[in-house]
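Visitor:
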Amino acid sequence: MTETAETIETPPAIVAMLNQKGGVGKTTLTIHVAGALADRGLDVLVVDLAPEGALTSILGYDEAYSDLDQEVSLHELLLDPSRADGVDDIIITGEEFDLLPANERMVDRTGGELNGEPRARERLKMVLDELATGYDVVLVDNMPNINVLTDNALVASDGVLIPAYAEALSVQGLDRLQKQIDSVREYFGAVRILGIIANRVEHNKQADAMLEQLHSEFEDGLEIPVFDVYKRVDLQRAIAAQERSIFTADELDSDMAEVLADVAALIEAELVREANE
Ligand SMILES: Nc1ncnc2c1ncn2[C@@H]1O[C@H](COP(=O)(O)OP(=O)(O)O)[C@@H](O)[C@H]1O
Ligand SMILES: [Mg+2]
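For the sequence shown, full-length UniProt numbering begins at 1 and goes up steadily by one.
(1) Which residue from Gly195, Val160, Ile91 and Pro144 puts its Cα closest to that of aspartate 262?
(2) With DSSP as the reference, identify every bridge partner of valine 46, one or two as the case may be.
(3) Can you tell me whether methionine 256 is helix, strand or coil according to DSSP?
(4) Return the CA-CA distance between isoleucine 14 and alanine 164, expressed in angstroms with no decimal places.
(5) Counting only the same chain and skipping the five closest in sequence on each side, list residues whose C-beta sits under 6 Å from that of valine 140.
(6) Distance check for aspartate 253 and leucine 42, CA to CA, integer angstroms please.
(7) For the structure I just gave you, are there three or more beta carbon pairs, one from the segment 78-89 and one from the segment 109-116, closer than 8 Å?
(8) By the three-class DSSP mapping on this structure, what secondary structure does arginine 40 have?
(9) Can you tell me whether DSSP reads glycine 25 as helix, strand or coil?
(10) Consider the C-beta atom of alanine 54 and the heavy atoms of ligand 2; say whether any pair is separated by less than 7 Å.
(11) Round the Cβ separation of arginine 40 and glutamate 268 to the nearest angstrom and send it over; I've been treating them as touching at under 8 Å.
(12) Going by the CB atoms, is the gap between glutamate 96 and glycine 25 shorter than 8 Å?
(13) Can you round the beta-carbon distance between aspartate 228 and valine 259 to whole angstroms, since I take them to be within the 8 Å contact cut?
(14) Using beta-carbon positions only, say whether glutamate 9 and glycine 134 come within less than 8 Å of one another.
(15) Are the CB atoms of alanine 238 and alanine 249 nearer to each other than 8 Å?
(16) When DSSP labels each residue in this structure, what does tyrosine 61 get in the three-state scheme?
(17) In chain order, what residues of the same chain have a beta carbon less than 8 Å from the beta carbon of leucine 37, not counting five sequence neighbours either side?
(18) Would you please state the rounded distance, in angstroms, between the beta carbons of glutamate 243 and glycine 60? I believe it to be under 8 Å.
Below is the structure:
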């Protein structure tokens, strides 16, 4: 086949959801931001790079996660990205977005087996170069850690979203994350922090003060946008009850839809359109 301008596909924009802390909303926000992107008409692939497979599981794919008969899972792909060629049944097609699931084999194995291998941090990028063509956006959910797997997410990604609690402690935690991003930048060039998502914000004076501090520190100081996502049971319920984002509801009545749509709009404006130009 001769390559013409029409047959060359624009590579997807790849966004990593990262924070070395657990329980800050990486997995939850991955789903709702993916839903918001899909709602804008974009083709979205979500990647579960966390060995515990929480994302895969809450989307209802426990079976895929614990399928030990499957010859090639994300574990094998990361160890040998050349196996991604011709593997077309590994991606699960969903109503809103598609999923590249985690597999139980990743627990206690993938990171360790990758360590010390050549180009160990470039594996996800190689896998996505093969599997993710045709998507507009790839969102990568991560484990709460800083290791070779999260380095893979950083190397593959064009931008990073950082969910954090609006507490003083999280600001310190962000320093460590910044160091990881800087160290990856030294080797691989640009990784951009697209935004911070202050998550599970509560309505009280103390929270307001924290938010104000976060906004001034990041928006005014570093020109990194901060999005405020409040503590809302419907963000949990949509996933727990229906394995989907709030954006597929018959009536979109979540008051967090707007801010999540803003995050999606930022990704589209900064990364998708840029790639299409
Ligand atoms: N904005 C929110 N409002 C209410 N509950 C939330 C919100 N964000 C996350 N949660 C809940 O907090 C817990 C931790 O979120 P999770 O997405 O699993 O974090 P992580 O992936 O960073 O470990 C989950 O029970 C999730 O449902
Ligand atoms: Mg998680």
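Even for Gly, the Cβ is constructed at its ideal location relative to N, Cα and C.
Guide: In terms of the structure at hand:
(1) In the sequence shown, the residue the question calls residue 262 occupies position 262. Measuring from the Cα of aspartate 262, the nearest candidate turns out to be Gly195.
(2) For the purposes of this step, residue 46 is identified with residue 46 of the sequence shown, where counting begins at 1. Note: valine 46 sits in a beta bridge opposite Leu99 and Leu139.
(3) Within the sequence shown, the letter at position 256 stands for residue 256. The answer is coil: DSSP assigns methionine 256 none of H, G, I, E or B.
(4) As a position in the sequence shown, residue 14 is number 14, starting the count at 1. As a position in the sequence shown, residue 164 is number 164, starting the count at 1. Their backbone Cα atoms lie some 20 Å apart in a straight line.
(5) As a position in the sequence shown, residue 140 is number 140, starting the count at 1. Ala16, Val47, Leu49 and Ala153, listed in sequence order.
(6) Residue 42 sits at position 42 when you count from the first residue of the sequence shown. Residue 253 sits at position 253 when you count from the first residue of the sequence shown. Roughly 21 Å separates the two Cα atoms.
(7) yes
(8) For this step, residue 40 is matched to residue 40 along the sequence shown. Reduced to three states, the DSSP call for arginine 40 is coil.
(9) On the sequence shown, position 25 is the one that residue 25 refers to. It is coil, neither helix nor strand.
(10) As a first step, residue 54 is located in the sequence shown; it is residue number 54 there, counting from the start. Within the cutoff, so yes.
(11) Here residue 40 refers to the residue found at position 40 when the sequence shown is read from its first residue. Here residue 268 refers to the residue found at position 268 when the sequence shown is read from its first residue. Rounded, the Cβ-Cβ distance is 6 Å, consistent with contact.
(12) As a working mapping, residue 25 is identified with position 25 in the sequence shown. As a working mapping, residue 96 is identified with position 96 in the sequence shown. No, the Cβ-Cβ distance between glycine 25 and glutamate 96 is not below 8 Å.
(13) Within the sequence shown, the letter at position 228 stands for residue 228. Within the sequence shown, the letter at position 259 stands for residue 259. Confirmed, about 6 Å.
(14) Start at 1 with the first residue of the sequence shown, and residue 9 comes out as number 9. Start at 1 with the first residue of the sequence shown, and residue 134 comes out as number 134. Yes, the pair counts as a contact, with Cβ atoms nearer than the cut-off.
(15) Position 238 of the sequence shown, counted from the first residue, corresponds to residue 238. Position 249 of the sequence shown, counted from the first residue, corresponds to residue 249. Contact: yes.
(16) By one-based count along the sequence shown, residue 61 stands at place 61. Three-state DSSP puts tyrosine 61 in coil, outside helix and strand.
(17) For the purposes of this step, residue 37 is taken as residue 37 along the sequence shown, with counting starting at 1. Val44, Phe97, Asp136, Val137, Leu139, Ala264, Ile267 and Glu268, listed in sequence order.
(18) For the purposes of this step, residue 243 is identified with residue 243 of the sequence shown, where counting begins at 1. For the purposes of this step, residue 60 is identified with residue 60 of the sequence shown, where counting begins at 1. The pair is a contact, with the Cβ atoms about 4 Å apart (cut-off 8 Å).
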